[in-house]
Each structure stands twice: as structure tokens, then as C-alpha cells.
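J.:
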Amino acid sequence: MANWNNLSPDELYLQFYTLGHRERLSFFDTYIRSNPYIGTKEKNEMAIDHLLALFEIGKYEKFLYEVDALIEFVVEENIYQHNGEDAFRLLLFKKAAAHYNLEELEASKSILFQLKKMDGSNNLYSQFIRRIEQHKGIWQSPFWQSMVVIGFAFSFIIYLLDIFIFEPFVFRWHETVSLLCVSSMTVSGLLLAGLGVSYLRSKW
């Protein structure tokens, strides 16, 4: 444990902001987190920047592990601004971005919709939501997934009708119904292949 009596809180604060993101993490844990002599305002400011440093170097899992507690703290302590930005919305947005970077798209989109309700004038949230939709691709679209299922189900029903009704009893319609069945199967198969290609492209 550091000897707090030999360390100036002001110097620690200034030194923290001369460091890069990686260096801030170990410096904060060693000299800031448990230091009883650093003012509350300064410690809160560094705590937020420590968390943002986790995000910036790509430690998204650790960032998400810690961010909720800090968001709650920001609300309870009425910390409105951080470096000129709304502290609450800043952390929420970074949380959404962390989920996005971990391919947790629905979690990210849910947070962005919350942010959009808070500040509908910020186009960044809408742009990010559109980016998520584009990233997901049509393979994740419930509509097109449903169309594939319906297409194959329709083909199967037509096939059964052809075997048990049209071919034995109404043969003149047999060729037309068979063509309809094959066409439906072909369209459904092509759509399924398209969804598969969309899925693979989203993983590249």
C-alpha cells in the first residue's frame, strides 16, 4: 500500500492526466482508488476517466462489469457533467458501444433507445441504431425468417394436396400444382441461401 503522507493529492491528480489509457489503470488502482486524501470531486472525475480508459483499450467485459455501479453513483451523487458532457448519458453511451463491440447487439440497441428518449435531438443515437440494424443483416430479420418458414410450410402443404387429392382425383391440375410446389420450394431455398450468405458476411 502506498504511503499517502508522502504523496501530494494535487500532484497525483496532475500526474494521472499525463498518463496514457493503460498507465492510468494501474496508477488509479495503486494511488487513487483507496487514497483518503484526494478530494471527492477529483476522485470522482478520475474514477470516470479510469473507467473510460478500460473502454478505450478494449477491455469491454471489465468495463461492463464496473459501469453500472458508477452510473448508479453518478445518479446518487448528482454528478451532472464530466469534461463538458452529461456524465450519465456519456457512460450509458459507452455502455451501448461496449455491448456493440462484444456483438451484444440487442443490449446495445435497447440502451440507445433509452438515450434517444432522453435526448431526441442527438442524431448520433439514431445513426448508431441504424448501424446496428445494418450490422445485423437480413439473416436476423424476423420477417425474412418467417417468410422462409412460411414458404417451406406452404410447399409441404401443396405437395401433400397434390399427392392425396390432385393427382388421384383431379389429375388435370396435377401439373400446375406440381409446378407451384417446385416454384415455392425454389423461392424458399433461394431465400434461405440468401439469409445464410448474409449471416456469413456479418461474421467476416
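So the sequence shown is numbered by numbering that gives the first Met the number 0: it starts at 0 and just counts up by one.
Ideal Cβ placement from N, Cα and C applies to all residues, glycine included.
Keep in mind that this is a model prediction, so the values were computed, not measured.
1. Going by other Cβ atoms of all chains shown within 10 Å of its Cβ, with 16 needed for buried, is Glu44 buried or exposed?
2. DSSP three-state label for Asp118, please.
3. Determine the burial state of Leu211: buried for a count of at least 16 other Cβ atoms within 10 Å of its Cβ, exposed for fewer.
4. If you follow the alpha helix (DSSP H) that Ser25 is part of, which residue opens it and which one closes it?
5. For Cys180, collect the residues of the same chain with a Cβ closer than 7 Å to its Cβ; drop the 5 residues on either side in sequence, then sort them by chain order.
6. Along the chain, where does the alpha helix (DSSP H) containing Ile164 start, and where does it finish?
7. With DSSP as the reference, label Glu102 as helix, strand or coil.
8. Within 10 Å of its beta-carbon, does Gly150 have 16 or more other beta-carbons around it, so buried, or fewer, so exposed?
9. DSSP three-state call for Glu44: helix, strand or coil?
10. Can you give me the C-alpha to C-alpha distance between Val66 and Val74, rounded to a whole angstrom?
11. At what residues does the alpha helix (DSSP H) containing Phe170 begin and finish?
12. Nearest-angstrom Cα distance between Ser145 and Leu191?
13. Evaluate the contact criterion for the region 29–36 versus the region 75–95: three or more CB pairs, one atom per stretch, below 8 Å.
14. So, helix, strand or coil for Glu65, using DSSP?
T.: Let me lay it out:
1. Around the CB of Glu44, 16 or more other CB atoms lie within 10 Å, so the residue is classed as buried.
2. Under the three-state reduction of DSSP, Asp118 is assigned to coil, being neither helix nor strand.
3. Residue 211 falls outside the range modelled here, since the chain spans only 0 to 203, and no answer is possible.
4. His20 to Phe26
5. Ser154, Ile157, Tyr158 and Asp161
6. That residue, Ile164, is in no alpha helix (DSSP H); it is neither H nor E in DSSP.
7. coil
8. Answer is buried; the Cβ neighbour count reaches 16.
9. helix
10. 12 Å
11. Taken as a continuous stretch (DSSP letters only), Phe170 belongs to no alpha helix (DSSP H), as it is neither H nor E.
12. Inter-residue distance for Ser145 and Leu191 is about 11 Å (C-alpha atoms, whole angstroms).
13. no
14. helix
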